[in-house]
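Chemist:
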Amino acid sequence: MSEHDEGRRAFIVGAVGAGAVAGTSLVQTAYAKTQSTKTDHPKTAEAPDAGRAEPFDGHGAFLNDEHAATVAAFVERLMPGAPGKPGARDANVLNYIDLALAGAYADQQDFYRRGLAQLDAYCRKTLNQPFVKLGAAQQDEVIGALEQGKASEFTFPTAQAFFNTLRTHTMEGMFADPVYGGNKDFGGWKLVGFPGTQLYYTPADLASKQAFTRAPVTGLQAQAKASTKRA
């Protein structure tokens, strides 16, 4: 992994902050628009039921094959994987984004369609290839141009708006509860040392000033399954 990749990973992991933030507020952020979209999208805006089966690994809820490949490549450059350190692909961020666009983020479907089309138009104009066909270094150059607002071919969304949205959704897919389709195998939580939602905390846990590390990591789905078994 290059120093550039390490720096990008460090930025995203650092931006998450404390482990508790990764497990709670990012989930709320991911579905903050649920209430406002219920009127327009009554069948798709609901957050997934914690007791439902694990979302599939991949795409197909909204993204087609071409767009899915582009999003997967883009988010992997934002959060590249390394030995022992999961990246966006390992955490199934693509699946998270796909499910969100079919549900709580349905109002951003046109944003993504236009943004992805403009991204490829810019890449073809400047590098004669679509984004997915570029090497990692060239993809990083393109992403840098978007971040700085220097990429041509963008009108709506603007280059910076598209970059910022995908970076935010990458962070959500890495660190939100796995019930939402990302953070596969709790890789994001393990990365920041967050043990996941626990079924209980002992008095000793609450009194301790040390970092909480008790295993296992428990997600919303695991809690629902445990409750069902107890019943």
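For any residue, its number in the working numbering is found by taking its place in the sequence shown, counting from 1, and adding 290. All C-beta atoms in this analysis are idealised placements derived from N, C-alpha and C, irrespective of residue type, glycine included. For clarity, every value in this text was computed on a predicted model and none was experimentally measured.
1) Considering just the uninterrupted stretch of the alpha helix (DSSP H) at H357, what are its terminal residues?
2) Tell me, to the nearest whole angstrom, how far the beta carbon of G472 is from that of M464; I am working on the premise that it is less than 8 Å.
3) Is DSSP giving A494 helix, strand or coil here?
4) Alpha carbon to alpha carbon, what distance is there between F453 and P370?
5) Below 8 Å on the Cβ atoms is my guess for L406 versus L417; work out the distance and round it to an integer in Å.
6) Given this structure, state the Cα-to-Cα distance separating A501 from L481, to the nearest angstrom.
7) Report the start-end ranges of each alpha helix (DSSP H) in the region 387-447 that is 4 residues or longer and not cut off at the edges.
8) Go through its chain and collect everything with a Cβ distance to H459's Cβ below 6 Å, but skip five positions before and after it.
9) Does the distance from the CB of F421 to the CB of D410 come in under 8 Å?
10) Classify K474 as helix, strand or coil using the three-state DSSP reduction.
11) In whole angstroms, what separates the C-alpha of V469 from that of L389?
12) Smallest Cα separation from C413: which of G483, T360, F476?
13) Considering only residues of the same chain and omitting the five flanking positions on each side of D380, which have a CB-CB separation below 6 Å?
14) Please classify K499: does DSSP put it in a helix, a strand, or coil?
15) When we look at the beta-carbon of Q399 and count the other beta-carbons within 10 Å, is it buried (16 or more) or exposed?
16) Could you check whether L391 and L353 sit closer than 8 Å to each other, using their CB atoms as the reference points?
17) Could you work out which residue in A394, D397, A363, Y395 is closest to N382 when comparing CA atoms only?
18) How many Å lie between T503 and D495 at the Cα?
19) Three-state secondary structure (DSSP) at A449?
20) Short of 7 Å in beta carbon distance, which residues of its chain neighbour S315, apart from the five on each side in sequence? Order them along the chain.
21) What does DSSP give as the partner residues of K375 in its beta bridges?
22) What's the gap between the Cα of G393 and the Cα of D475?
23) Quick one: what's got a C-beta closer than 6 Å to L368's C-beta in the same chain, skipping five residues either side?
24) Among A497, K415, D467, V365, which residue has its Cα nearest to the Cα of F484?
25) Can you tell me whether L489 is buried or exposed, with buried defined as 16 or more other CB within 10 angstroms of its CB?
Modeler: Walking through what the data contain:
1) 355-368
2) 6 Å
3) helix
4) 16 Å
5) Actually they are not in contact, since the Cβ atoms of L406 and L417 sit about 16 Å apart, beyond 8 Å.
6) 14 Å
7) 399-417, 426-437
8) I387
9) yes
10) helix
11) 11 Å
12) T360
13) G371, G477
14) coil
15) exposed
16) yes
17) A363
18) 10 Å
19) helix
20) Because the pLDDT at S315 is just 47, under 50, the model does not fix this residue reliably, and the point stays unresolved.
21) A372
22) 22 Å
23) R457, T460
24) D467
25) exposed
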